[in-house]
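Trainee: Chains as they are written, first to last, in the numbering used here: chain W, -7 to 730; chain C, 2 to 348.
Got a structure for you, written out below as structure tokens; questions coming shortly.
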Amino acid sequence: MGALSLGRVALLCATLGLLLLPWHGLEGGVAELAAWPGGAPAPLLALLVTGARWWLWPVALLVGVAALPLLRGRAPRTLLTLAGAGIIVWILAMGEAIGLRGLEWQWLAPLLGAPPPQPSLGWGALFVLIGATGLLAAGLAARGAFGADAFIAFLVAGSAFLLLVFVFAPLTTILMAAIYDGDRFAPDALATRLTAPEAWSLACLASHQGCGVVWNTLLLATLTAVISTAIGLFFALLAVRGGVRAAPLFRAMTILPLITPPFVVAMALIVLFGRTGMVTTALWDWFDIPRSRWIYGLPGVLLAQVLAQAPIAFLLLDGALRAISPSLEEAASTMGARRFRVFRSVTWPLLKPALAAAFLLGFVESLADFGNPLVLGGDFDVLSTRIFFAIAGARHDPGRAAALALLLLALTLGAFALQALWLGRRRYTTMTGKGDSGLPAPLPAGLRLTCSLVVWPWMLFTVAVYGVILVGGFVHDVGRGDMSFTWRHILTAFEVEWMDGIALRGSAWDSLLTTIQVAALAAPFTAGLGILLAWLISRQDFRGRRTLEFMTMLSFAIPGTVVGVSYVMAFNVPPIELTGTALILILCFVFRNLPVGVRGGLAALAQIDRSLDEASATMGAGAVDTLRRVILPLMRPAIITALAYSFVQAMTAVSAVIFLVSARHNLATVYIVGRVEAGEMALAIAYSTVLIFIMLFVVLGIEKLVGRARIGRRAATEGRLAGGITAGAPTAPMRAGA
Amino acid sequence: MPAMSDHPAITFDRVTKAFDTVRAVDEVSFSFPQGALVTLLGPSGCGKTTTLRLVAGLELPTDGRITIEGRDVTRLAAAERRIAMVFQSYALFPHMNVLENVAYGLLVNGARKPAAEADALSMLKTLGLEGLGQRLPSELSGGQQQRVAVARALVLRPQVLLFDEPLSNLDARLRRRVREDIRDLQKRLGLSVVYVTHDQQEALAVSDLVCVMRAGRIAQMGTPTDLYEDPADAFIADFMGEANVLAGEVLGPGRIALGGAELSTTMRAHPPGPAQLAVRPESVALLADGEGLPGRIGRAAFLGQTREYEVETAAGTLFVVTAAAAPAFAPGEAVRCRLERVIPLRA
């Protein structure tokens, strides 16, 4: 697409936003439209003419300035670039400067006086902003940037704008909140908050008081990472080298963490080990071991996190172990090394990078986990729960929440940075592509026994936990050991009546339907934007490509709790006011799960040779045609996988959205957490079971679908790549907090 | 067939393409005539593929000007140029069958589907691919895939057809046939073709003109015979088939001094004085005695059609290829080397 045609489309879009669409958001819904062109739904032009928004005149003028050459058939590069950028900056700056309380930026008072309050931006502003992005892109393309392709320029500018607004801006809002004390700019407050004893106290070493929440978080994360990596390693050794027949069962197990909402395991642990739990009761009845609340606190949270994390560590290590070429070990034994020596001197060092990856993943996941500490934490607070209570608790203190969020963010980013530093130098490729016909060395006998002693009890434990979840919804009171069968809980949640049509009476229907709707709406946007960004990053050559990639991947590293807090703070007030809507949930999911779409897309594109794009171009196809007719059809498996993943992720997420749900738009996970806190354990378990089955259905269905999307010889590579959700898991869980 | 105009098929005017600091193509100028097959020949990294991609519009030049049939295309993207390209990997779309692959270019250029498919079918017929239209590329042999790639390019009636090492994915037997097919097709349809290869035999066999590149520049351009018999310097002499390059002296027309001996030979005009002299292995005759450079056989090998020798002489080691029918020598025998043709090289 040429710069001129894009410029004209952009102009049309901006004009539409300027002249017709309501400039501000409609608080009262569509009914307010009746007052058009005055009142609440007035377009910007009406507001300008009446003088109600006189400070926005530059916007209209800049649109006009851009219109003159475009209508005469020219696309002047500097003018379009400046006009587009100017409009965007002006609208957003004025939106920040003048809020619901009138002037917010007091230093502008001499210029603006005392303007009337300005509510949030609406459809008109959205269209003008899209148009301005188009003008900006047309200007850049006319300069020769982006290979002179205005369409590419628009895609890049548009996605960069979205990422800035929905990933970066919220983060800066957190920083601002931490640095302000009420309305007062107070860097000292930030320093105090960041070094508060609440976070760093070491009291627990000397007394019975609890330690700082940072230490708690680090302790929990380290323990979770070490233990789940160890268990994962034992499973992997036994599966790959131990010659057990249950290996496929181990691999099937790895699907569980993906489809289980993060706190469900915690509920099962309460049912088993709580004060009135099944195991606790049995121990009391048979061995007179007194009932206690040990499960609430570090042990319980740790157990729940390890249950979720160990299968993922297994997945990583299983792959790494299978990738070690047996000929290396055979070479070592021909040189006279005994079995254990071979393992220690060859196998183990080659596994180290994968061990580090599994450790990091466990560490970061534990940092970001919110559901389990919330349900099981008791007095043992970690950063994510403390942040939540600083916002939602009795003492509402956004500044404190923001400072804690910064600490959590720093821990997470620090872990990723350490990994990058460490992994940067160590990468072993032992699969050479040459024919390799060795047999993997069997495990040394002692090691095999150790593995078995860990693996089988742990399997049993996992089965017990999931068994409780499966059974718990269908018995009277699983929490107190009343195991008689009943439909009661399922009925409470999902009762359906037939009265002149279907009436959904169950208490869970609202949240379930909202969840499915939100997840189903978020999925195509996540996959679409993710794949598009992957295509831009891997196939187009433009300045700032690395920056765009970094921005995309950043939201990967941000813990869900931090995202939730930042969204609440950023989108609760004009210019962009979204809290309480379903839109903010969708946006949150889209931008949180975006990196997964991008990664999948990048992996799929790496399999599609660039010469296919080039062949298409030499035959006269523009970027759009190539994308639509060549690239997208070849990426179908990756697209479907991204769709499924983002859908499932949106169904199970709790940490970010617990801040964002509203009475009208509640989500399943948040509803379940609420039931747990109200002590309705059986209802919560029944609902969770239904969720798990829905997701199992989606995941297996997708696997089947992707399995069929095979194209000739490429099937082998693409099939592996899309490999359904299970194989997607090593990348999939690489995200902080569900 | 493209309408002939007076303009050259392609001109480069001081074209430079720099990647970061590396100049892959460095102030290259040339003009390729219409209806000719020109090969870009050179070792890997010499800039020949970049040159081809500059013609295609897959790279845009850092500096300079490119025209195709007189039209300035310097800043035009690949899609806006009337070229077509056959890729080394063929780049057939794996999700489309043969017919869809060939019709693709027509469709994206706005043709209606029935018309595009009719065109594509007749092109498949021209290339002897009838009946394969419904197959997927993965169900074809290497040679068939290659022909589909050619059909897909030709169906667009390009002003210039570009080949990027089209034979490198074929086995040795198939190569000769395919390159002859390409040459026939080019002559039959009067196409302007640019052909990239690193194989000098292939270049000599198919070209009207060969353009040898080295380090981003054109080392020499000419007909295959010119380049073989009259290479400009040692690099080209060696690259266009093997050559013994020896230090000697030109005494006068047809008279040289080499390794202390005065010899008469056939050679192009060259001013008297010290010179690098290139001698093709097959332009040396080995005799038991008589006039010639004295030497001693080092190694000898019998290859069926030919015999190969290394001969130690006062001027250095000579690599010699003789016909199998010529008299044979054993290692250690003393021989005389009669130099039938010598190429004095420019400094």
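All C-beta atoms in this analysis are idealised placements derived from N, C-alpha and C, irrespective of residue type, glycine included.
In this text the structure is predicted, and so the values were computed from the model without any measurement.
Skipping 5 residues on each side, what residues in its chain have a beta carbon closer than 6 Å to that of W:Asn585?
Mentor: Thr518, Ser638, Gln641
Trainee: Might you give, ordered along the chain, the residues of its own chain that have their beta carbon closer than 8 Å to the beta carbon of W:Ile578, omitting 5 neighbours on each side?
Mentor: In chain order, Val510, Leu513, Ala514, Phe517 place their CB closer than 8 Å to the CB of W:Ile578, counting only its own chain and leaving out the 5 sequence neighbours on each side.
Trainee: Do W:Phe372 and W:Asn208 have their beta-carbon atoms positioned less than 8 Å apart in this structure?
Mentor: yes
Trainee: With 8 Å as the limit, tell me which residues of the segment 372 to 406 of chain W have their beta carbon closer than that to any beta carbon of chain C; keep them in chain order.
Mentor: none
Trainee: I'd like the span of the beta strand (DSSP E) that includes C:Asn245, first residue to last.
Mentor: 245 to 253
Trainee: Taking Cβ-Cβ distances shorter than 7 Å, what residues in chain C pair up with W:Gly614?
Mentor: Ala80
Trainee: In angstroms, rounded to a whole number, what distance separates the CA positions of W:Leu570 and W:Trp115?
Mentor: 13 Å
Trainee: From which residue to which residue does the beta strand (DSSP E) around C:Arg215 run?
Mentor: 210 to 215 is the span of the beta strand (DSSP E), which, as asked, contains C:Arg215.
Trainee: Per DSSP, what kind of secondary structure is C:Phe13 in: helix, strand or coil?
Mentor: strand
Trainee: What are the partner residues of C:Phe31, as DSSP defines its beta bridges?
Mentor: C:Phe13
Trainee: Less than 8 Å between the CB atoms is what I'm expecting for W:Gln301 and W:Ser376, so what's the real figure, rounded?
Mentor: At roughly 15 Å, the Cβ-Cβ gap does not stay under 8 Å, so W:Gln301 and W:Ser376 are not in contact.
Trainee: Are the C-beta of W:Ser603 and some C-beta of chain D separated by less than 8 Å?
Mentor: The structure shown has no chain D; the protein chains it does contain are W and C.
Trainee: Kindly indicate which residue of W:Trp46, W:Ala44, W:Leu37, W:Gly78 has the alpha-carbon position closest to the one of W:Ala58.
Mentor: W:Gly78
Trainee: Would you decide whether W:Leu60 is buried or exposed? Buried here means 16 or more other CB atoms lie within 10 Å of its CB.
Mentor: exposed
Trainee: Which residues in chain W have a C-beta closer than 8 Å to the C-beta of C:Leu1? List them in chain order.
Mentor: The question about residue 1 of chain C has no answer, for chain C in this structure spans 2 to 348.
Trainee: Can you tell me which of W:Thr484, W:Asp492, W:Gly493 puts its alpha carbon nearest to the alpha carbon of W:Trp501?
Mentor: W:Thr484
Trainee: Go ahead and pull the three-state DSSP assignment for W:Ala596.
Mentor: helix
Trainee: Do you know whose CA, among W:Gly65, W:Pro102, W:Leu(-4), W:Ala124, lies nearest W:Leu10's CA?
Mentor: W:Ala124
Trainee: Are three or more beta carbon pairs between the segment 249 to 257 of chain W and the segment 676 to 684 of chain W nearer than 8 Å?
Mentor: yes
Trainee: Whole angstroms are fine: how far does the CA of W:Leu103 sit from the CA of W:Gly385?
Mentor: 41 Å
Trainee: So, are the CB atoms of C:Ala349 and C:Ile219 less than 8 Å apart?
Mentor: The question about residue 349 of chain C has no answer here: the residues shown for chain C are numbered 2 through 348.
Trainee: From C:Val194 to C:Thr127, what distance separates their C-alpha atoms?
Mentor: 18 Å
Trainee: DSSP three-state call for C:Glu311: helix, strand or coil?
Mentor: strand
Trainee: Verify whether the separation of the beta carbon atoms of W:Ile623 and W:Leu113 is less than 8 Å.
Mentor: Against a cut-off of 8 Å, the Cβ pair of W:Leu113 and W:Ile623 comes out as no contact.
Trainee: Can you tell me where the beta strand (DSSP E) holding C:Ser265 begins and where it ends?
Mentor: Looking at the DSSP string, the run of the beta strand (DSSP E) that includes C:Ser265 is 262 to 265.
Trainee: In whole angstroms, what is the alpha-carbon distance linking W:Gly471 and W:Val271?
Mentor: 11 Å
Trainee: With 16 as the cutoff for other CB atoms within 10 Å, does C:Leu247 come out buried or exposed?
Mentor: buried
Trainee: What are the complete beta strand (DSSP E) segments, minimum 3 residues, inside the segment 246 to 305 of chain W?
Mentor: none
Trainee: Roughly how many whole angstroms lie between the Cα atoms of W:Leu445 and W:Met451?
Mentor: 11 Å
Trainee: Taking Cβ-Cβ distances shorter than 8 Å, what residues in chain W pair up with C:Met86?
Mentor: Glu606, Ala607, Thr610
Trainee: Per DSSP, what are the beta-bridge partners of W:Cys489 in this structure?
Mentor: Note that residue 489 of chain W is Glu in the sequence shown here, rather than Cys. Note: W:Glu489 sits in a beta bridge opposite W:Ala495.
Trainee: If you run the structure through DSSP and keep just helix, strand and coil, what is C:Val207?
Mentor: If DSSP states are grouped into helix, strand and coil, C:Val207 belongs with the helices.
Trainee: If you reduce the DSSP assignment to three classes, tell me which class C:Phe20 lands in.
Mentor: strand
Trainee: Below 7 Å on C-beta distance, what does C:Asn110 contact in chain W?
Mentor: Gly612
Trainee: Are the beta-carbon atoms belonging to C:Glu263 and C:Leu252 less than 8 Å from one another?
Mentor: yes
Trainee: Would you kindly work out how many angstroms separate the C-alpha atoms of C:Pro167 and C:Glu181, rounded to a whole number?
Mentor: 12 Å
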